[in-house]
Every structure is written in structure tokens, then in C-alpha cells.
Amino acid sequence: MESIEIVECKKESILTDTSIFKWDDSSTRLLLSLYKDGIRDFGKKSHLKTKNQLWVHIIEEMSKYGYLVNPKQAQNRLVTLERSYKKRISEPSRVHNCISSLFDDEIKALIEKRKNVLFGSDIGELFSENSNFFEDTEFVNSDSSDHKEFSTSVSSQPVVDLNRWDPDSTKIFIAAYLGLVKNQQKMRKFRSKGKIWQCITNQVNSRGYDFTARQTRNRYGTLIRAYKKYMEKKRCGVRSFFLFESEVRELLKHKIVVADPAGETDWEDDDEDDNVGDVEDIDMRFISVEEASVDNIIINSESEASQMEFPQSNVQNSSPSSYSTENYAILNELKLLRKSESQFQQKIAQIEEEKLDLMRQNNILLKVLIEKFSKS
């Protein structure tokens, strides 16, 4: 009678694999190869519609080669490889006592391929009105338990870039946002903004990230403020560059709208303060709030001037100059302050331009000096 080996599943650490099953080079390469083929066919074949089905398919194929593992062990092994790879990339000067760099090329290719499953070679295709990004209801409406299962061993220690925004994750977020907001049929099912942001977050996290709905919403606010700051510099004649200019312009055309049961429409506020911690946007947020405050003061002061609490007979019989002279003086002063603020911003832009010119001159001088020293 054949003996049955019991394989115990334990969480792996970044330093070593602690499960009873011992991974070697051949089993690891087989896992990476099967995973690569699986994500290539993900969603295309009828039997690979969810991540659970993908991992079941992988372990079935591995069992044909004599490797008896369960889905959890295979996931843990892949996560361990990714974490060690990202740790070496983020801190190349340090020597890490972790898995060797034998599979770094395969892991790097897998990470890129997994991201390209979403936006391919041209992200613009995802912005089309006929985008079927949310057509798979099982994939969209499923809660993020699959992702949590995939990242169980990740949650114990910080993972590089899994919860930090980079250009790739930002493109994924923009594609997920536009894919949902443009789909009016899907949007009618939501009754709160929180559920919308959670749905968008689940889509981003399904590509291997670990963001919260709060972080996703903050990213939206950061992009909007950075775009406005970029446009302000552009109007002032300052040379500047914004990586997501066309994408954010597309975001501004499609705001989140939620219709409540009473039939009223709830609009998403672009400039809502989400306590974003990006240093590059603090000054822009301050300027926007300050300008908005001046506008509100002017408007409110004019309305207050027309609604001051005086006896009805006095208001009807007295001229506006009897009680509004002081208000008009305040309004004029505020207008002057606003004008001086605009001049101040123009001066700042001019100084920044001069600063850039000086930096260019310094670079030219340094280049000349380096050439002279190299010749001597």
C-alpha cells in the first residue's frame, strides 16, 4: 500500500521557505513558467476566469511532473520571490540573506507581463467608450478575498512599491476609474461614492498592488491638483512637464455621479481635501484655497451688503451709500490684494525661470571644466 505524504502549508518569510515542501531550482522554474502562461491566458480560456482557478490549474500541471503542492504554497513561493527581488532592487548596496538572484530575470518579466495584462502596449485603448474592462461580473463584483489570499504573507512585512504610487499603478488607476465611470449601466447600481472607490481600488489591487480606497481617492485628488498646478505654470510661461496631462484631462471630463433614491444627483468635488501627503501639491493646494477664499469673501460681502439687518423702513428710504461705503472700501482692498497676489505669482514664475537658466549655465561650465581636466 502506497504511503501518502502530508504536505503542511506554512507562511513563508522573506528569508527562507518554511513549508515542509522544499523548493528547488527545477520546481521553481516550472512554477514561474506555468504562472507566466497562466496570466497570458487569463480571462481568455473558459476555465481560467478567477485567480483561484489559475492557481488550481498551476498545481494540477505541477503534479504531472511529480511536485505535490497546494495553491497556498505556490502563491507563497511566488510572493517570496517577488519580495526578495524588490528588496534587492530597492537596496542594491546591501547584502541580503535571502533567495539568490537566480530568478531575477524571470520575476522582472513576470511583473511587467502581469501589468501589461491590463493596459497592454497602448493605454489609450482602455479609454474608449466600448471598453469591456468591467464586463466580467464575476471578476468585478467579487470581493477582494482572492487578493487578500495572494498577499497573506506580504501583509506581515512592508513590500516595496505595492502600496506606493508609480507611473504604472497610476495608469492602472486611471484606466479602472474611466472604465467604471464611463459605464453608465454599472454606475446606476452604486448608491454611495465609497462603494465606487472601493470597486476601483479592487481593480487596481487585482494587478498585484495593495492600496486602500482612501489611498485611491487621495491619488485622484493629487492628480487633479498637480494638473492644475501644471496648467498654472504653463499660463505663467514656465516650462514644465506633467506625465499624465492627457489622462487627467480625460478624468476631468468624467466625474463621479451618484444618484440617490430620491432622484437627486451627488457630484464628486475635484478640490475636496483628502489630506494628501504629497509635498509637491501642498503649495498648489494652499494657493487654490487662498484664491477661493478671496472669491468667497467678495461674493459673500456683496450679498451681505444687500442683506444687512436694518429696519425695513430705513432700508427702503436710505441710500446705499449710507451703509455700504465701508463695505465697498473693503472690497476694493480685497481686489488690490488679489491683484498683488497675481503679480507675486508671476514674479515667482520669473524667478523660477531665472533659476533654471542659472542651472543650465552651471551645467555648461561644469561640462567645459570636465573636458579640460580630462584632456590634461
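Residue numbers for the sequence shown, in numbering that gives the first Met the number 0: 0 to 375.
Glycine included, C-beta positions come from ideal geometry on N, C-alpha and C.
This one's a predicted model, so the numbers in the text were calculated from it and none came from an experiment.
- Classify Arg-359 as buried or exposed, calling it buried when 16 or more other Cβ atoms lie within 10 Å of its own Cβ. Working through the sequence shown from its first residue, we reach residue 359 at position 360. Answer is exposed; the Cβ neighbour count stays below 16.
- Out of Lys-185, Leu-179 and Arg-190, state which residue places its alpha-carbon closest to the alpha-carbon of Ile-199. The count along the sequence shown starts at 1 and reaches residue 199 at position 200. Here the closest residue by C-alpha is Leu-179.
- Message: For the stretch 226-237 against the stretch 331-341, do three or more pairs of beta-carbon atoms, one drawn from each stretch, fall closer than 8 Å, so that the two count as touching?
- Response: The stretch 331-341 and the stretch 226-237 do not touch, with fewer than three beta-carbon pairs separated by less than 8 Å.
- Counting only the same chain and skipping the five closest in sequence on each side, list residues whose C-beta sits under 6 Å from that of Leu-33. As a position in the sequence shown, residue 33 is number 34, starting the count at 1. Answer for Leu-33: Ile-57 and Glu-60, listed in chain order.
- With DSSP collapsed to three states, give me the class of Val-68. In the sequence shown, the residue the question calls residue 68 occupies position 69. Of the three classes helix, strand and coil, the one that applies to Val-68 here is coil, per DSSP.
- Task: Confirm, please, whether the CB-CB distance from Leu-31 to Glu-105 is below 7 Å.
- Result: Reading the sequence shown from its first residue, position 106 is the one you call residue 105. Reading the sequence shown from its first residue, position 32 is the one you call residue 31. Cβ atoms of Glu-105 and Leu-31: closer than 7 Å.
- Message: Please report the straight-line C-alpha distance between Gln-349 and Leu-357, rounded to a whole angstrom.
- Response: As a working mapping, residue 349 is identified with position 350 in the sequence shown. As a working mapping, residue 357 is identified with position 358 in the sequence shown. Their backbone Cα atoms lie some 13 Å apart in a straight line.
- Thinking C-alpha only, which one of Lys-252, Asn-331 and Ser-26 is nearest Tyr-64? For the purposes of this step, residue 64 is taken as residue 65 along the sequence shown, with counting starting at 1. Checked all of Lys-252, Asn-331 and Ser-26; the closest Cα to Tyr-64 is Ser-26.
- Message: Distance check for Val-367 and Thr-49, CA to CA, integer angstroms please.
- Response: Counting from one through the sequence shown, the residue named residue 49 turns up at place 50. Counting from one through the sequence shown, the residue named residue 367 turns up at place 368. For Thr-49 and Val-367, the distance between alpha carbons rounds to 60 Å.
- Measure the alpha-carbon distance for Leu-77 versus Ala-108 and round it to whole angstroms. Counted from its first residue, the sequence shown places residue 77 at position 78. Counted from its first residue, the sequence shown places residue 108 at position 109. Taking the straight line from one Cα to the other gives about 13 Å.
- Coarse secondary structure for Val-247, derived from DSSP in three states: Start at 1 with the first residue of the sequence shown, and residue 247 comes out as number 248. Reduced to three states, the DSSP call for Val-247 is helix.
- Query: Anyone know if the C-beta pair for Val-257 and Phe-210 falls short of 7 Å?
  - Reply: Position 258 of the sequence shown holds residue 257. Position 211 of the sequence shown holds residue 210. No, the pair does not count as a contact, with Cβ atoms beyond the cut-off.
- Message: Does Asn-75 pass the burial test, meaning 16 or more other C-beta atoms within 10 Å, or should it be called exposed?
- Response: For the purposes of this step, residue 75 is taken as the residue at position 76 of the sequence shown. Under this definition Asn-75 is a buried residue.
- Query: Alpha carbon to alpha carbon, how far is Glu-351 from Cys-235?
  - Reply: Looking up residue 351 in the sequence shown gives position 352. Looking up residue 235 in the sequence shown gives position 236. Glu-351 and Cys-235 have their C-alpha atoms roughly 11 Å apart.
- Using the beta-carbon count (16 or more within 10 Å), is Phe-240 buried or exposed? Looking up residue 240 in the sequence shown gives position 241. Phe-240 is exposed by the Cβ-count criterion.
- Task: Indicate the three-state DSSP secondary structure (helix, strand or coil) for Val-180 in the structure shown.
- Result: Translated into positions along the sequence shown, residue 180 becomes position 181. Three-state result, Val-180: helix.
- Query: Roughly how far, in whole angstroms, is the beta-carbon of Leu-177 from the beta-carbon of Glu-249, given that I think they are within contact range, below 8 Å?
  - Reply: Along the sequence shown, read from residue 1 onward, the residue named residue 177 stands at position 178. Along the sequence shown, read from residue 1 onward, the residue named residue 249 stands at position 250. Correct: roughly 6 Å between the Cβ atoms.
- Give the C-beta separation of Ile-195 and Ile-255 to the nearest angstrom, bearing in mind that I take them to be a contact with Cβ-Cβ under 8 Å. The residue given as residue 195 occupies position 196 in the sequence shown. The residue given as residue 255 occupies position 256 in the sequence shown. Their Cβ separation, rounded to whole angstroms, is 6 Å, which keeps Ile-195 and Ile-255 in contact under 8 Å.
- Apart from the five residues on each side of it in sequence, which residues of its chain come closer than 8 Å, Cβ to Cβ, to Ala-328? On the sequence shown, residue 328 is found 329 positions in, with the first residue counted as 1. Sequence-distant partners of Ala-328 (beyond 5 residues in either direction) whose C-beta falls short of 8 Å from its own C-beta are missing from its chain.
- How many angstroms separate the CA atom of Asp-23 from the CA atom of Tyr-66? Start at 1 with the first residue of the sequence shown, and residue 23 comes out as number 24. Start at 1 with the first residue of the sequence shown, and residue 66 comes out as number 67. Going by the C-alpha atoms only, they are around 11 Å apart.
- Task: Would you identify the three-state DSSP class for Val-237, choosing helix, strand or coil?
- Result: Position 238 of the sequence shown, counting from 1, holds the residue named residue 237. The three-state reading of DSSP puts Val-237 in coil, since its state is none of H, G, I, E or B.
- Query: If Val-68 sits next to Phe-20, beta carbons under 8 Å apart, how far is it from one beta carbon to the other, in whole angstroms?
  - Reply: Position 69 of the sequence shown, counted from the start, is the residue given in the question as residue 68. Position 21 of the sequence shown, counted from the start, is the residue given in the question as residue 20. Contact holds; Cβ gap of about 6 Å.
- Task: Ignore the nearest five residues each way along the sequence and tell me which others in Leu-355's own chain have a CB closer than 8 Å to its CB.
- Result: As a first step, residue 355 must be located in the sequence shown, where it is residue number 356. Residues Arg-238 of the same chain have their beta carbon placed closer than 8 Å to that of Leu-355, with the five preceding and five following residues left out of the count.
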